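Which chain is which? The protein sequence lines are A and B, in order.
Those letters in the first sequence? Residues 680 to 838, per my numbering, in order.
Those letters in the second sequence? Residues 680 to 838, per my numbering, in order.
Structure first, commentary second.
There are 2 protein chains.
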Amino acid sequence: MSRSDLPSHTCTIARASAQVGDEWTLLIMRELFLGTRRFDDFLRLTSMSSHLLSQRLRKLETQGVIRREPYSERPPRHEYRLTEKGLDLWTVIIALKQWGDRWLSTEDTPVQIMHKVCGNVVRPHMICPDCGERMGAHDAEAKISEPFQMERQAVRRAP
Amino acid sequence: MSRSDLPSHTCTIARASAQVGDEWTLLIMRELFLGTRRFDDFLRLTSMSSHLLSQRLRKLETQGVIRREPYSERPPRHEYRLTEKGLDLWTVIIALKQWGDRWLSTEDTPVQIMHKVCGNVVRPHMICPDCGERMGAHDAEAKISEPFQMERQAVRRAP
DNA sequence: TTAGTCAATTCAAAAAGTGAAGTGACTTCT
DNA sequence: AGAAGTCACTTCACTTTTTGAATTGACTAA
């Protein structure tokens, strides 16, 4: 099975990976959250090739993660902006950032998060909505649904 | 600049992307969090090629995200397990899963999260550690550090 | 002995990514 | 008015990565 089959997986992590799980797409998402809107800026700030950038932007637009908005008629110009679907990836990018800050950096973080509501620079984290306690890998257990478990049993027994 | 230069970026999101930001690595991470430990199981459950799987496992081991643990001397066998660094990616995988559940799925989620502390199936979310309120893209603002801002200005003005 | 398991490696073909150059619709400078 | 510059791409030749099938090698179980 190839990368192009990922969107058809039952697992939503596989499906999400297929949409945004590659190096350059994640870098584009970073830029979008930092406020970058134009082709040339993405190009310089990510230092990716223009070929790849236009491919990825097209893909993200098709998926509804970003939208093109015209900001000038003559010459015809437009900018790229996050849709609600795209904005909702914030948690993923922040989680990745915190992990990178913690495990891959020696210096201070290059990007801080400010909470507009309270005005503080913060390091957001995940909590359990029921008991309100902080949550991590150690206190979570994955429960696989019946149909998905069956599907997995089948492939494990396969040739 | 190419993919291989990502680890040298100042930005920790770029660095994190370089380590775990690709489709197959994310799928391997999913499996690790679901409890998969052995080569053949990864192979069947992700349906990736064995060549790529062994490459990725080697890379993840080198990076310290997973470790190989022997579980049998004869025949020599070992399993792959998450290190602390790997376990700390939980938030990223969960964030990706929630996003996939919300935007890419029609049916019920194939994997639920149970909080061991309170015993409930939950959808964890991010909060501001200072004021305790739920946080998302709309109420966050990115603050770019002085040195990183300078670096970015430089590339924007570049040829 | 033969078949089977596990954890890979090898190899050729196909797909994806890279970097440089080019295009076209404009605007600004002189 | 002509030349140079900007922005948003596309094209193309080349390199790297991925794919999928086959093979290896160390063992075990029938």
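Just so it is clear, CB atoms sit at the ideal spot from N, CA and C, and this is done for glycine as well.
Note that the structure is a prediction, hence the values are computed from the model and not measured.
Would the beta-carbon of residue i fall within 9 Å of that of residue j?
i: His744(B); j: Cys810(A); result: In the sequence on display, residue 744(B) carries Val and not His. Against a cut-off of 9 Å, the Cβ pair of Cys810(A) and Val744(B) comes out as no contact.
i: Ile792(B); j: Ala774(A); result: no
i: Leu685(A); j: Leu706(B); result: yes
i: Leu783(A); j: Gln698(B); result: yes
i: Val771(A); j: Met814(A); result: no
i: Pro803(A); j: Cys690(B); result: no
i: Leu766(B); j: Ala816(A); result: yes
i: Gly700(A); j: Glu702(B); result: yes
i: Tyr750(B); j: Glu740(B); result: no
i: Val800(B); j: Arg723(A); result: no
i: Glu748(A); j: Arg760(A); result: yes
i: Thr785(A); j: Lys738(A); result: no
i: Met680(A); j: Ser726(B); result: yes
i: His794(A); j: Glu812(B); result: yes
i: Phe718(A); j: Glu710(A); result: no
i: Pro789(A); j: Pro826(B); result: yes
Show which residues of chain B have a CB atom less than 8 Å away from the CB atom of residue i.
i: Phe712(A); result: Ala816 and Ala821
i: Ser726(A); result: Met680, Asp684 and Val834
i: Arg756(A); result: By Cβ distance, chain B contributes nothing, its closest Cβ being about 17 Å from Arg756(A), past 8 Å.
i: Arg717(A); result: Those within 8 Å of Arg717(A) in chain B number zero; the least Cβ separation is about 10 Å.
Residue i by DSSP, collapsed to three states: which one?
i: Leu761(A); result: strand
i: Met793(B); result: strand
i: Thr821(A); result: The sequence shown places Ala at residue 821(A), not Thr. Strand.
i: Val800(B); result: strand
i: Ser751(A); result: strand
i: Met708(B); result: helix
i: Met829(A); result: helix
i: Asp720(B); result: helix
i: Asp684(B); result: helix
i: Pro701(B); result: Inspection of the sequence shows that residue 701(B) is occupied by Asp rather than by Pro. Looking at Asp701(B) - three-state DSSP - the assignment turns out to be strand.
Residue i versus chain B: which residues are under 9 Å apart at the beta carbon?
i: Ile745(A); result: Per Cβ cutoff of 9 Å: no residues; Ile745(A) is ~13 Å from chain B at best.
Can you pull the chain A neighbours of residue i, defined as C-beta to C-beta under 8 Å?
i: Ile692(B); result: Leu705, Leu706, Arg709, Ile772, Leu775, Lys776, Gly779 and Val790
i: Thr689(B); result: Pro789
i: Leu736(B); result: Chain A residues near Leu736(B): none, gap ~17 Å exceeds 8 Å.
i: Ser824(B); result: Asp787, Thr788, Pro789, Val790 and Gln791
i: Ser784(B); result: Thr691 and Arg694
List, in chain order, every chain B residue whose beta-carbon is nearer than 7 Å to that of residue i.
i: Glu702(A); result: Arg682, Leu685, Ser696, Ala697, Gly700 and Asp701
i: Ser733(A); result: The premise fails here: Ser733(A) is roughly 17 Å from chain B at the closest Cβ pair, so nothing lies under 7 Å.
i: Thr730(A); result: Per the sequence shown, residue 730(A) should be read as His rather than Thr. In chain order: nothing, as chain B lies at least about 13 Å away.
For residue i, which residues in chain A fall below 7 Å Cβ to Cβ?
i: Arg723(B); result: Val834, Arg835 and Ala837
i: Asp831(B); result: For the sequence presented, residue 831(B) should be read as Arg rather than Asp. Going along chain A in sequence order, the residues near Arg831(B) (Cβ under 7 Å) are Leu724.
Worksheet item: the stretch 759–780 of chain B: which residues have C-beta closer than 8 Å to a C-beta of chain A, in chain order?
Response: Leu761, Lys764, Leu766, Asp767, Leu768, Trp769, Thr770, Val771, Ile772, Ile773, Ala774, Leu775, Lys776, Gln777, Trp778, Gly779 and Asp780
Worksheet item: If we count Cβ pairs, one from each stretch, closer than 8 Å, do we get three or more for the stretch 718–734 of chain A versus the stretch 767–782 of chain B?
Response: no
Practice prompt. Could you tell me whether the stretch 712–723 of chain B touches the stretch 819–834 of chain A, where touching means 3 or more Cβ pairs closer than 8 Å?
Written response: yes
Worksheet entry | Contacting positions in the stretch 796–811 of chain B - beta carbon closer than 7 Å to chain A | Val796, Cys797, Asn799, Val800, Val801, Arg802, Pro803, His804, Met805, Ile806, Cys807, Pro808, Asp809 and Cys810
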